[in-house]
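Undergrad: I'd like to ask some things about the structure below.
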Amino acid sequence: MNEYLSRAAFLDGKRDKGQNRADAFKWDERMENLAALRDSRPEVFENLGTTVRLSLGYYENDKKIAAERGRDVTKGAN
């Protein structure tokens, strides 16, 4: 079923998922603090829950996509 949905087009054309994620990106101080914790104290970061670590991964991926698409991903931009 997923293969059919991924090929589906809307009336105004295919959706650009990367652009949608870039448009939805919001700078989050908590996620930035988690990233700093991961870099400075990895042993503490590893003891955090899986959901928190996955959330940071999604946040950083969205941030990277937003930066690639020309968005300012610094604190004052949002």
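Start counting at 1 in the sequence shown, then tack on 419, and there's your number in the numbering used here.
Every residue gets a Cβ at the ideal spot worked out from N, C-alpha and C, and that includes glycine.
(1) Taking a contact to mean a Cβ-Cβ separation below 9 Å, would you say aspartate 491 touches alanine 441 in this structure?
(2) Alpha carbon to alpha carbon, what distance is there between glycine 437 and leucine 456?
(3) So what's asparagine 439 in DSSP terms, helix, strand or just coil?
(4) Can you check which of these residues, Leu475, Ala485 and Arg488, is closest to alanine 452 by C-alpha distance?
TA: The relevant details are as follows:
(1) Numbered from its first residue, the sequence shown carries residue 491 at position 72. Numbered from its first residue, the sequence shown carries residue 441 at position 22. Going by C-beta atoms, aspartate 491 is not nearer than 9 Å to alanine 441.
(2) Residue numbering aside, residue 456 sits at position 37 when the sequence shown is read from its first letter. Residue numbering aside, residue 437 sits at position 18 when the sequence shown is read from its first letter. Leucine 456 and glycine 437 have their C-alpha atoms spaced approximately 27 Å apart.
(3) The count along the sequence shown starts at 1 and reaches residue 439 at position 20. Here asparagine 439 sits in helix by DSSP.
(4) On the sequence shown, position 33 is the one that residue 452 refers to. The sequence as given places asparagine at residue 452; alanine does not occur at that position. Among Leu475, Ala485 and Arg488, the Cα nearest to that of asparagine 452 belongs to Leu475.
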